[in-house]
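Be aware that the sequence shown starts at 800, since it is given in the working numbering, and climbs by one per residue. Heads up, the thing below is written out as structure tokens.
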Amino acid sequence: MANTNPLHNQSTTEVSPLFSPREVSTKKWDKILKITSLSILGTLTIGTGVAGITLAIVLGMPVLALLAVSSVLLAIVTVGAYKYFQQKADGDWSGALDQSFRTLPEPSAQANFLVSPGARLSFHQNKHNPGVKLGIQESTTPGFTIKFLALPRSNTFKTVTSQSGIAFNALLPAAQTLISQNSNQSRLFFRELVSLGQMECRSVPRRHIVKLPFGPTEVRSTKLSIKDSPTMTHPKKESFPEYIGHVRGPRLEEFSGEDDEVAHDYYNRALFAYENCLEEAINQGCSIVSVPLFSSVYELEHRNEQPTPNRNYSWILDCHQLCKKALIKAVDKTARSNPHSLRLLVLLQDPFAPLA
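This is the structure:
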């Protein structure tokens, strides 16, 4: 039988860029802002001090020496600005969560969400936009799955509402990043989907073929046909996504420089990639989104489908925590940039998430 997968029928000699256009722009403007701000503040500090002392001597008015005091204050501001620009990327995801979200108590969570048996999640409501909620997997079981571990219940009945959802598969970054089954997450995703006859999960719409390979933070999606099955029950259909998304996130080995610079670039790429995932979900009309932590897919041995009991896991530069914080910040930014009519449930479905 001829191979009908358009990805397998296309060859490409293109190489993925090192940084996305947004990353390049951000790095450029961060540098310009830093140099400009510190230069202006430094000039004002020196100029104010010199002017105050000079005028006080020439005009014989000691009161003008107060300008020198102003220069001291400007110096303090300059030092503060310098420290701000030297801030390191940190993985304080719990602080970011507390700042932007309210944790729903267990009774409220049970009333509003139907959680898959064997799974345990915590639910959080955005403070700025209450229609946006975040569910975080708190148990190391189940492993990666294409199914949604939680679904929102109807406001009127204790039944699951009818909704459209998208599950994102994290692609391993490479010189030519293509859709493949060589990660712990993708292997389980495709195993489930192929068993349901969803061969299109490994391809992308034809309009995307010319854009191969995936660039950093790039997202694409494909519509599935699981819900068209005449034999599957409605409750079972609800647990599957209508779309599968593919995203290229950050991998530590892609970055170079001092540890602080690597952590900063890593965090930004994770943030932008998650923001792109959420934007794609909204553009496709989805109200449920599931994503993994990129660090769980890229920084672990690909056979690690679930945490091994009694094994200590560690991530270089705390990238696991950086990734979790990036997701929380991306959800908050999406909530703030959309109207309050938006209804969106973002699920962090990752058996390694509790280890962050």
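Virtual Cβ for every residue (Gly too), placed ideally from N, Cα, C. Everything numeric in this text was worked out from a predicted model, so none of it was measured.
Hey, how far is the Cα of residue i from the Cα of residue j?
i	j	result
VAL1046	PRO1040	16 Å
MET1085	GLU1053	Before going further, note that residue 1085 is Cys rather than Met in the sequence given. Near 31 Å, if we compare the C-alpha coordinates of GLU1053 and CYS1085.
SER938	PRO972	27 Å
SER963	ILE1087	7 Å
GLN975	GLN924	38 Å
SER819	GLY996	34 Å
TRP892	ALA1125	8 Å
LEU1070	ALA1129	6 Å
GLN1148	GLU1074	17 Å
ALA895	SER915	27 Å
LYS887	LYS1026	46 Å
SER1024	GLU1100	32 Å
ILE965	GLN1083	9 Å
LYS1035	ASP889	40 Å
VAL823	LEU817	9 Å
PHE912	GLY930	14 Å
SER1028	VAL993	14 Å
TYR881	ALA910	Confidence at TYR881 is low in this model, with a pLDDT of 43, below 50, so the placement of that residue should be treated as unreliable; the coordinate-derived value is given next. Cα-Cα distance, rounded: 48 Å.
ASP1058	THR1030	53 Å
LYS926	TYR1066	23 Å
If you compare alpha carbons, which of the options is closest to residue i?
i	options	result
ARG1110	LEU1154, ALA888 and PHE1071	LEU1154
THR944	GLY917, ASN925, GLU1052 and LYS926	GLY917
PRO941	PRO1106, ILE1127, PRO1138 and SER985	PRO1106
ARG1068	ALA888, GLN975, PRO1015 and LEU1143	PRO1015
ILE978	SER1038, VAL1018, SER1024 and PHE900	VAL1018
GLU1098	ALA1125, PHE1151 and ILE1127	PHE1151
GLU905	GLU1057, LYS1036 and SER921	SER921
ALA969	SER1136, THR902, HIS1033 and ALA1072	ALA1072
SER899	PRO1138, ALA1134 and HIS1139	ALA1134
GLU991	PRO1034, SER1024, ASN1103 and LYS946	LYS946
GLN936	ARG919, LYS926 and GLY930	ARG919
THR902	ALA966, ILE1127, LYS1036 and LEU987	ILE1127
ALA908	GLY890, GLY930, ASP897 and GLY934	GLY934
ALA1080	ASN1137, ASP1064 and PRO1108	ASN1137
LEU764	HIS1139, LEU1092, LYS926 and PRO1108	Here the chain has residues from 800 to 1155 only, and residue 764 is not among them.
Sorted by chain position, which residues of the same chain lie with C-beta nearer than 7 Å to residue i's C-beta, five sequence neighbours on each side aside?
i	result
SER1094	TRP1114, CYS1118, HIS1119 and CYS1122
LYS1022	GLU1041 and TYR1042
SER985	ASN968 and SER979
LEU987	GLY942, PHE943, THR944 and GLU1104
ASP1064	PHE1054
Please go through the same chain and pick out, in chain order, the residues whose beta-carbon is closer than 8 Å to the beta-carbon of residue i, but skip the five residues on each side of it.
i	result
VAL1061	LEU1051, PHE1054, SER1055 and LEU1116
SER1038	SER915, LYS946, PHE947 and LEU950
Do we get a CB-CB distance below 8 Å when we pair residue i with the residues of chain C?
i	result
ALA969	Annotation note: the requested chain C is absent from the structure, which comprises a single protein chain.
Taking the continuous alpha helix (DSSP H) assigned at residue i, which residues delimit it?
i	result
ARG1019	Segment 1018-1022 is the beta strand (DSSP E) holding ARG1019; no alpha helix (DSSP H) there.
LYS1036	1033-1037
ARG986	983-994
ILE1025	Neither: ILE1025 is in no alpha helix (DSSP H) and is coded neither H nor E.
ILE1081	1058-1082
GLY894	892-899
If you drop the 5 nearest sequence neighbours on each side, which residues of the same chain put their C-beta closer than 6 Å to that of residue i?
i	result
LEU1144	LYS932, PRO951 and ILE1087
ASN1103	ASN983
ASP1131	SER899
TYR1112	LEU1154
Going by the CB atoms, is the gap between residue j and residue i shorter than 8 Å?
i	j	result
ASN928	LEU1141	yes
ASN983	VAL1096	yes
SER1020	GLY1048	no
Note the first and the last residue of the continuous beta strand (DSSP E) segment covering residue i.
i	result
HIS1045	1042-1047
PRO1133	As written in the sequence, residue 1133 is Thr, which differs from the Pro given in the question. No beta strand (DSSP E) contains THR1133, which is instead part of the alpha helix (DSSP H) from 1118-1135.
PRO1138	First-last for PRO1138: undefined, no H or E at that position.
ALA949	949-951
HIS936	According to the sequence provided, residue 936 is Gln. The question's His does not apply to it. Here the beta strand (DSSP E) through GLN936 covers 931-936.
SER921	920-925
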